[in-house]
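A.B. asks: With the first letter of the sequence shown counted as 1, position 56 gets the number 56 in full-length UniProt numbering; the numbers rise by one all the way through.
Glycine is no exception: its CB is placed at the ideal position from the N, C-alpha and C atoms.
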Amino acid sequence: MGQILAVVQEKFHGKQWKEKQIRKITDRVFDHIRDESSDSRDGLTFEDVYIAVLCVFNDINKHLPGPHHDPPTKDKLRSLMKEYDVNLDGLLNREEFAEFIRKLTAETLTAISQSLIIALILAPTIALMTKRATEGVPGVGKMVQKLPNSIYASIITLGVLLAQKSTEGCE
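(1) Near residue 71, which residues of its chain fall below 7 angstroms by C-beta distance, leaving aside the five closest residues on each side in sequence?
(2) Can you give me the C-alpha to C-alpha distance between residue 94 and residue 163, rounded to a whole angstrom?
(3) Would you tell me roughly how many angstroms separate the C-alpha atoms of residue 136 and residue 154, rounded to the nearest one?
(4) Spatial neighbours of residue 19 within its chain, please: CB distance less than 6 angstroms, with the 5 preceding and 5 following residues excluded, ordered by chain position.
(5) List the whole-angstrom C-beta distance separating residue 97 from residue 30, where the pair is believed to meet the contact cut-off of C-beta under 8 angstroms.
(6) Just to confirm my understanding: we take residue 125, look at its own chain, exclude 5 residues before and 5 after, and list those with CB closer than 6 angstroms. What are they?
(7) State the DSSP-derived secondary structure class of residue 92, mapped to helix, strand or coil.
(8) Could you tell me if residue 49 is buried or exposed, where buried requires 16 or more neighbouring beta carbons within 10 angstroms of its beta carbon?
(9) Identify, in the order they occur along the chain, each residue of the same chain with its Cβ nearer than 8 angstroms to the Cβ of residue 152, setting aside the five sequence neighbours on each side.
(10) Comparing C-alpha positions only, which one of 69, 157, 102, 80 sits nearest to residue 25?
(11) DSSP three-state label for residue 80, please.
(12) Could you give the DSSP three-state label for residue 54: helix, strand or coil?
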């Protein structure tokens, strides 16, 4: 169990790991959108940025746990694009785009991190702390006490994950 928590902490809570993953996504999307574009500019136009943001949020919703996250409106994207267009050419180059996406996804990634902390760290800890409380429950108490801690914590964690998943559709 300790090894799993160490891997989870390294993968999901390491700031460098998160930054690296965001950069991989932004570089891949930037290259894809620029290659699809018919002109040979070094940056992305507003239309390109809008499509890129939709792609990034699609990846986030597809690959990361938690509820669905809607991309920002076109008006918000326009104002943010002006803010991150450092050289004022109306285009976002690779570095400007990376900073733009980092700012745009900060809240979303924080929400996902909090959800993972609850599901993968707090749930097993609370399960093990409350295992003793089940001793007095007729029928269930003896069965729970016979289960190894790792299996009991895994069952409770699975239940928490299923509960989180079932509430996603309600939001």
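C.D. replies: On the basis of the data shown:
(1) So the qualifying residues of the chain are 53, 54, 57.
(2) Between residue 94 and residue 163, the C-alpha separation is close to 40 angstroms.
(3) Rounded to whole angstroms, the gap between the alpha carbons of residue 136 and residue 154 is 22 angstroms.
(4) Excluding its 5 nearest sequence neighbours in each direction, residue 19 has no C-beta neighbour in its own chain below 6 angstroms.
(5) The pair is a contact, with the Cβ atoms about 5 angstroms apart (cut-off 8 angstroms).
(6) If the five residues before and after residue 125 are omitted, its C-beta is found closer than 6 angstroms to no C-beta atom of its own chain.
(7) In the structure shown, residue 92 sits in a strand (DSSP, three-state: E or B).
(8) Buried: at least 16 other Cβ atoms inside 10 Å.
(9) Excluding residues within five positions, the ones whose Cβ falls inside 8 angstroms are 127, 128, 131, 144.
(10) If we check each option's Cα against that of residue 25, 102 comes out closest.
(11) Helix.
(12) Looking at residue 54 - three-state DSSP - the assignment turns out to be helix.
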